[in-house]
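Asker:
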Amino acid sequence: MKKRSLWLITALMTIALLGVFVMQLYYIREAYNLKSQLFEHDVNEVLSSVVTKVQKRYAANHISKKDLQIRRERDRDFRDRAQQIVDFKENFRIAEEKRKYNQKKKIFDDLNTRDSMLRITFLNALRISEEDYLNISGRDVKGKSPLKVQVDLWRDENGIIKGGFINQTMESSIGLTKP
Numbered sequence: 694m695k696k697r698s699l700w701l702i703t704a705l706m707t708i709a710l711l712g713v714f715v716m717q718l719y720y721i722r723e724a725y726n727l728k729s730q731l732f733e734h735d736v737n738e739v740l741s742s743v744v745t746k747v748q749k750r751y752a753a754n755h756i757s758k759k760d761l762q763i764r765r766e767r768d769r770d771f772r773d774r775a776q777q778i779v780d781f782k783e784n785f786r787i788a789e790e791k792r793k794y795n796q797k798k799k800i801f802d803d804l805n806t807r808d809s810m811l812r813i814t815f816l817n818a819l820r821i822s823e824e825d826y827l828n829i830s831g832r833d834v835k836g837k838s839p840l841k842v843q844v845d846l847w848r849d850e851n852g853i854i855k856g857g858f859i860n861q862t863m864e865s866s867i868g869l870t871k872p
């Protein structure tokens with residue numbers, strides 16, 4: 694029996710050793726799976742933190758680019774508006790100069806037309822200064838003008854004026870009151 698029990702003990706010990714060996718393999722496999730999961734979890738955390746940092750950096754760069762673009766557009770719009778204002782002022786100044794020039798030209802043309810009409814209407818008209826005009830248009834104390842005009846005409850037998858002479862004299866301006 695001793696041999697048989699020795700074989701039995703050896704077989705039981707072998708089975709127990711195989712059980713311990715299987716248990717060790719199971720433990721190693723579970724430890725490996727757990728370590729793999731922990732490693733994957735750590736890798737995922739690191740990757741997610743890297744992704745978050747990259748996203749933040751990308752967002753910051755995008756915001757900076759947009760801010761720079763908006764500033765450039767705002768500056769360009771400001772310069773364009775300032776240039777439009779300058780152009781508008783320049784165009785207004787030119788238009789105002791043209792308008793004033795045309796107005797002066799119209800006044801001079803009107804004065805020349807009136808002068809021509811006066812020359813046609815009044816033969817041998819004389820030009821006088823502003824001072825002479827004021828003296829002539831003023832009245833003395835008695836209400837008389839200092840301008841004296843003598844008109845001599847020659848008529849034919851039908852009453853048609855054939856010629857004449859106009860004599861204009863001006864008395865001294867003592868006692869004149871200016872209007």
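This note's numbering puts the first residue of the sequence shown at 694, with every later residue one more than the last.
Using N, Cα and C, we set each Cβ at its ideal position, and we do this for glycine too.
For the region 827 to 846 and the region 802 to 818, state whether three or more C-beta atom pairs, one from each stretch, are separated by less than 8 Å.
Answerer: At 8 Å Cβ cutoff, the stretches do not touch.
Asker: Which partner residues of residue 854 appear in the DSSP bridge assignment?
Answerer: Paired residues: 848.
Asker: So, helix, strand or coil for residue 813, using DSSP?
Answerer: In the structure shown, residue 813 sits in a helix (DSSP, three-state: H, G or I).
Asker: List the whole-angstrom C-beta distance separating residue 657 from residue 837, where the pair is believed to meet the contact cut-off of C-beta under 8 Å.
Answerer: Nothing can be reported for residue 657, as the shown portion of the chain is limited to 694 through 872.
Asker: For the alpha helix (DSSP H) containing residue 821, list its first residue and its last residue.
Answerer: Here residue 821 belongs to no alpha helix (DSSP H), and DSSP marks it neither H nor E.
Asker: Whole angstroms are fine: how far does the CA of residue 755 sit from the CA of residue 780?
Answerer: Cα-Cα distance, rounded: 36 Å.
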